[in-house]
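Below: one structure, written as structure tokens.
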Amino acid sequence: HAVYNEITEYLKGVSVRDIIQDSSGNIWFATYRRYGVVKLSFTGEIKAYNKASGILSNLINSLYELHNGNIVIATEDGISIIGRSGNVIKNYNYDNGLEYSNIISIYQDENGTIYAGSDGGGLYIIDKDSITNYTDADGLTSNVVSCITKGENGIWVGTNNGLSYYDGTFRAISNIDFSNNIYSMMY
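Sequential numbering of the sequence shown, starting at 145, is according to the numbering used here.
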């Protein structure tokens, strides 16, 4: 059975790259080219955020809700952050430290540090307004960082050439078998 409603009609024929539900119950859709980011509020209202709204690009790769409820938008031209007010409150791009601005993955740790994975420029660590870049020259398994998540004492970084673990330094993870599993390596 097909479902037809206002949001399915709105997004009909549109490339959707990511979907998240925020802590307030709103659903956010990352679209590629057409609308930018589409927010379906818990009341049913549809609102689009795009370049005219202040985000860096309508080419959206992924979305992430920060601990404070702000929404991070990973675009091909950098990172935009929408505040709880519904306005763009911050942009990170080439001009302020993202040398390779095609961002495809986002993660925030418990200290509020934002990790941004790029499609060819490695991993960016954003701590307030300080941006540090790590690449394969620093031990990352690839400069294409497709996913990031919490580890016991650091972060897991998935790339297009394997898995890395970062806890101040990068460790490439390889050749895991049942007798030497990933848990025994990390703990």
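Ideal Cβ positions, reconstructed from N, Cα and C, are used throughout, including at glycine.
Residue environment for Q165: exposed (fewer than 16 other C-beta atoms within 10 angstroms of its C-beta).
Residues G266, L267 and L284 of the same chain have their beta carbon placed closer than 6 Å to that of Y278, with the five preceding and five following residues left out of the count.
Sequence-distant partners of D271 (beyond 5 residues in either direction) whose C-beta falls short of 6 Å from its own C-beta, in its chain, are T257. The beta-bridge partner set that DSSP reports for F314 consists of Y310.
Residue pairing of V216 in beta bridges, as defined by DSSP: Y208 and I225.
Taken through DSSP and simplified to helix, strand or coil, T152 comes out as helix. Boundaries of the beta strand (DSSP E) harbouring L184: V181 to L184, taken from the DSSP string. Here the C-alpha atom of T313 lies approximately 32 Å from the C-alpha atom of S167. In the DSSP assignment, L267 falls within the beta strand (DSSP E) that extends over L267 to D271. In this structure Y176 is in contact with R161, their Cβ atoms being roughly 5 Å apart against a cut-off of 8 Å. As a beta-bridge residue in DSSP terms, D162 pairs with A174. Counting the other CB atoms within 10 Å of its CB gives V288 a total of 16 or more, which places it among the buried residues.
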